[in-house]
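Engineer: Input: one structure, supplied below.
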Amino acid sequence: MKKTILISGGYGVLGSEFASSLSKDENNTIVILDLPSAKINKFVQSNWFCPIDITDEIEIQYAINHIYKQHGIDILINCAAINPIPKEGEDYSFENYSLDKWNKTMSVNLTGSFLLSRECIKYMLKNENEGFKGVIINIISDLSVIAPDHSIYENEYKKPVDYCVSKAGLLHLTKYIAGYYRDKIKSVALSPGSVYNGQSDILKKNLENRIPIGRLARKDEYNEAIKFLCSEGSDYMQGQTLDMSGGRTIW
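Yeah, the sequence shown ends on 270 if you go by our numbering, and it's all consecutive.
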């Protein structure tokens, strides 16, 4: 069955992996949603690129309507997220954390996913007569269910509160949509653990000490999981999370 799969943050670390992997199935049409300034890479050759600011409600409504008319909409993967890299000299302490940073992260990680889900579901419900129910897949994090251990980070850096809270909110959005639409929309989540992406040796070691498997994930290690969640093979999942944290959430 031919499917149109939208991936927000499709040029990010995991989003680009998902786009590359899913596009290998010739039945899939991949639409990458990312900022106009996003670095366009090799996947643009085999996928559609829709430049968009997912915090802009009107822009989302126009884009989703256009995509539906051109390709239809079957699956949405909410992968776009702000996950700040520590910058020397910036204050990440809770008591001094910037409201502007909080609002920016929430607008992308949580509100953007809400808006995309809301608009896509309007069109996914039209698919019901075609025998395929729409799918919403939210990319959350192990930090949606466990608190970060700030002692693993170097210097005075603390994992920002907004990232963790936004991912916890995205987990509940997954459950809410599942309960609301029941058998009409499949709403599930993938919960990755720490992915190796050039972390310092100290941080890498500290993370590995807290992961039962004893290593960080590879960037491509979630591709088979995302294929499973997109497929009919996971249709008896609803409102649940596929945890792939290397076992970190058991402690």
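Glycine included, C-beta positions come from ideal geometry on N, C-alpha and C.
Since we're looking at a predicted model, the values are computed, not measured.
Measure the C-alpha to C-alpha separation of Lys178 and Gln80 and round it to an integer number of angstroms.
Structural biologist: Roughly 33 Å separates the two Cα atoms.
Engineer: Taking contact to mean at least 3 C-beta pairs separated by less than 8 Å, is the region 20-40 in contact with the region 93-102?
Structural biologist: Yes, they touch.
Engineer: As an exercise, report each continuous alpha helix (DSSP H) stretch of at least 4 residues that is fully enclosed by the region 189-255, in chain order.
Structural biologist: Taking only runs of at least 4 residues, the alpha helix (DSSP H) segments lying wholly in the region 189-255 are 220-227, 242-249.
Engineer: Please go through the same chain and pick out, in chain order, the residues whose beta-carbon is closer than 7 Å to the beta-carbon of Ile221, but skip the five residues on each side of it.
Structural biologist: So the list reads Glu173, once near-sequence residues are dropped.
Engineer: Buried or exposed for Pro231, please, with buried defined as at least 16 other CB atoms from any protein chain shown within 10 angstroms of its CB.
Structural biologist: Its Cβ having fewer than 16 others within 10 Å, Pro231 is exposed.
Engineer: Give a yes or no on whether the C-beta atoms belonging to Leu248 and Ile156 are separated by under 7 Å.
Structural biologist: In this structure, Ile156 lies closer than 7 Å to Leu248 by Cβ.
Engineer: Helix, strand or coil: which one does DSSP assign to Asn66?
Structural biologist: Coil, per DSSP.
Engineer: Kindly indicate the opening and closing residues of the alpha helix (DSSP H) around Leu33.
Structural biologist: Looking at the DSSP string, the run of the alpha helix (DSSP H) that includes Leu33 is 32-41.
Engineer: Just reading off the alpha helix (DSSP H) that Ile94 is part of, what are its end residues?
Structural biologist: No alpha helix (DSSP H) holds Ile94; the beta strand (DSSP E) holding it covers 94-97.
Engineer: Can you tell me where the alpha helix (DSSP H) holding Thr8 begins and where it ends?
Structural biologist: The chain is shown only over 20 to 270; residue 8 falls outside these bounds and no answer can be derived.
Engineer: Starting from Val180, follow its DSSP beta bridges and name the residues at the other end.
Structural biologist: Its beta-bridge partners do not exist; DSSP assigns none.
Engineer: In this structure, how does DSSP classify Met20 when only helix, strand and coil are distinguished?
Structural biologist: DSSP places Met20 in coil when its eight states are reduced to three.
Engineer: Could you spell out where the beta strand (DSSP E) holding Ile171 opens and where it closes?
Structural biologist: It is not in any beta strand (DSSP E) - Ile171 carries neither H nor E in the DSSP assignment.
Engineer: Given 8 Å as the limit, is there contact between the region 120-130 and the region 180-191, that is, 3 or more CB pairs closer than that?
Structural biologist: A contact exists between the region 120-130 and the region 180-191.
Engineer: For Asp53, which three-state DSSP category applies?
Structural biologist: It is a strand residue.
Engineer: Determine the DSSP secondary structure at Ala112, reduced to helix, strand or coil.
Structural biologist: Looking at the sequence itself, residue 112 is Ser, so the reference to Ala does not match. Three-state DSSP puts Ser112 in coil, outside helix and strand.
Engineer: Is the Cβ-Cβ distance between Phe37 and Ile245 less than 7 Å?
Structural biologist: A contact, by the Cβ cut-off of 7 Å.
Engineer: Just to confirm, are Tyr30 and Asp53 a CB contact at a threshold of 7 Å?
Structural biologist: Cβ atoms of Tyr30 and Asp53: closer than 7 Å.
Engineer: Report yes or no: do the region 204-215 and the region 152-166 share at least 3 C-beta pairs separated by less than 8 Å?
Structural biologist: A contact exists between the region 204-215 and the region 152-166.
Engineer: Please report the distance separating the alpha-carbon of Glu227 from that of Gly233.
Structural biologist: So the alpha carbons of these two residues sit roughly 5 Å apart.
Engineer: Is Ile155 helix, strand or coil by DSSP?
Structural biologist: Strand at Ile155.
Engineer: Taking Gly108 as the reference, give the member of Tyr176, Glu114, Gly266, Met20 with the closest Cα.
Structural biologist: Comparing Cα positions, the closest option is Tyr176.
Engineer: Would you kindly work out how many angstroms separate the C-alpha atoms of Glu114 and Asn102, rounded to a whole number?
Structural biologist: If you take the alpha carbons of Glu114 and Asn102, they lie about 19 Å apart.
Engineer: On a CA-only basis, which of Ser185, Asn146, Ser42 is nearest Ala100? Give me that one, please.
Structural biologist: Selected option, being the one with the closest Cα: Ser185.
Engineer: Exposed or buried, which one is Gly153 when buried takes at least 16 other CB atoms within 10 Å?
Structural biologist: With 16 or more Cβ atoms within 10 Å of its Cβ, Gly153 is classed as buried.
Engineer: Taking the alpha carbon of Ile92 as the point to measure from, which residue in Gly34, Ile140, Ser264 has its own alpha carbon closest?
Structural biologist: For Ile92, the nearest C-alpha among the options comes from Ile140.
Engineer: In angstroms, rounded to a whole number, what distance separates the CA positions of Arg237 and Val32?
Structural biologist: Those two C-alpha atoms are separated by around 10 Å.
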